Every structure is written in structure tokens, then in C-alpha cells.
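*Asks:* My questions will all concern the structure given below.
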Amino acid sequence: MKLSRFFTFAAIIITALSGLFSFSSIVLAQAAPAADAPDDSYGLTDTAKRSGLAKYGSSVPVLAGSIIGTALSMISVIFFILMVYGGFLWMTAHGDEGTVTKAKDTIIAAIIGIIIILASYAITNYVTTSVVSSPATPAAPEAPAAP
């Protein structure tokens, strides 16, 4: 019985992951660049600007914030999957107290994880916007002129 549950669960996960990775974004071909145009990494910079990817700029704090935000988003998906798994365990417990307790603990841990991830994302977003929007360090004041 447990082996068939494992294969069912594995089939669901494999189907979900293959569905996730099988969707590809549509790419619309543009006109070829002019012959006298400078080499622009095969037009990737222009494409990034048109798609909105270049809005982050190239500063290190913005790039780090973007990477951290993406990582936190992926981790939150994992906690959501854990919450769904806990609900699945609870629904299939058939009154078994041990399984129900395990399901409740999984759901509670997943909810706590999502709350921590959301707080981390908010802090990262605040720090990133504060660092990027902060003015440059002011110049040192000049010495007063002699009378």
C-alpha cells in the first residue's frame, strides 16, 4: 500500500515539474540590426531594455536584492507545497491520530515558514530600495577661507 502511495506521489510531482518546465516563453523575432551598429552582445541589451529586465540597472545592491527576492519566492513555493502535502496527509489519515498529528505539525511549520519568508522579503525589499534611493555620500565641507 505504501509503495503505491509513493509511486502516486512521485507521478504527481514529476507531472507537475514537467508541466512547469515545459512551458516556454514566446519569442518574437525582430528585424536584423544594421550592419554599422556596434556589437551589442547580439542585441541582448536592447532586448533586455524592451522586455523590462534592464530596469534593475547594474548596481550591486539592486542585483543582490533581486537575487534574494527570487530565492525567497522559490522557498515560499516550497513551503506552500509543504502546506498542501500536510493537507493531503490529513485528508488521507482515516482517523489515525499519529498521521493527523504529523499533518498538523507539517501545516503549522509551513505556515510559520511562509510568515518568516514574507517578513524576510519585506525587509529585503525595504533595504534594497533604501540603499538604491539613498543619496550619494556628501562631500566633506571645505575649510573656511582666511580673512
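Numbered per mature numbering (1 follows the signal peptide of the UniProt record, and there is no 0), the sequence shown spans residues -29 to -1, 1 to 118.
A virtual CB, placed ideally from N, CA and C, is assigned to each residue, including glycine.
Given the structure is predicted, the values throughout are model-derived calculations rather than measurements.
Please name the residue in 47, 57 and 38 whose C-alpha comes closest to that of residue 77.
*Replies:* Nearest option by C-alpha distance: 57.
*Asks:* So, helix, strand or coil for residue 113, using DSSP?
*Replies:* Looking at residue 113 - three-state DSSP - the assignment turns out to be coil, as it is neither helix nor strand.
*Asks:* Does the structure place the stretch 85 to 92 close enough to the stretch 42 to 52 that three or more beta carbon pairs sit under 8 angstroms?
*Replies:* Short answer: they touch.
*Asks:* Taking C-beta to C-beta, are residue 81 and residue 53 nearer than 7 angstroms?
*Replies:* Result yes, Cβ atoms of residue 81 and residue 53 sit closer than 7 angstroms.
*Asks:* Once DSSP output is grouped into helix, strand and coil, what is the label at residue 80?
*Replies:* Correct three-state label for residue 80: helix.
*Asks:* With a 10 Å radius around its C-beta and 16 neighbouring C-beta atoms as the bar for buried, classify residue 99 as buried or exposed.
*Replies:* So residue 99 counts as buried.
*Asks:* Between residue 69 and residue 104, what straight-line distance do the alpha-carbon atoms span, to the nearest angstrom?
*Replies:* Cα to Cα, residue 69 sits roughly 52 angstroms from residue 104.
*Asks:* If you reduce the DSSP assignment to three classes, tell me which class residue 69 lands in.
*Replies:* In this structure, residue 69 counts as helix in the three-state DSSP scheme.
*Asks:* By how many angstroms is the C-alpha of residue -21 removed from the C-alpha of residue 72?
*Replies:* Each residue's Cα considered, the two are about 20 angstroms apart.
*Asks:* Can the beta-carbon of residue 50 be found less than 7 angstroms from the beta-carbon of residue 84?
*Replies:* Contact: yes.
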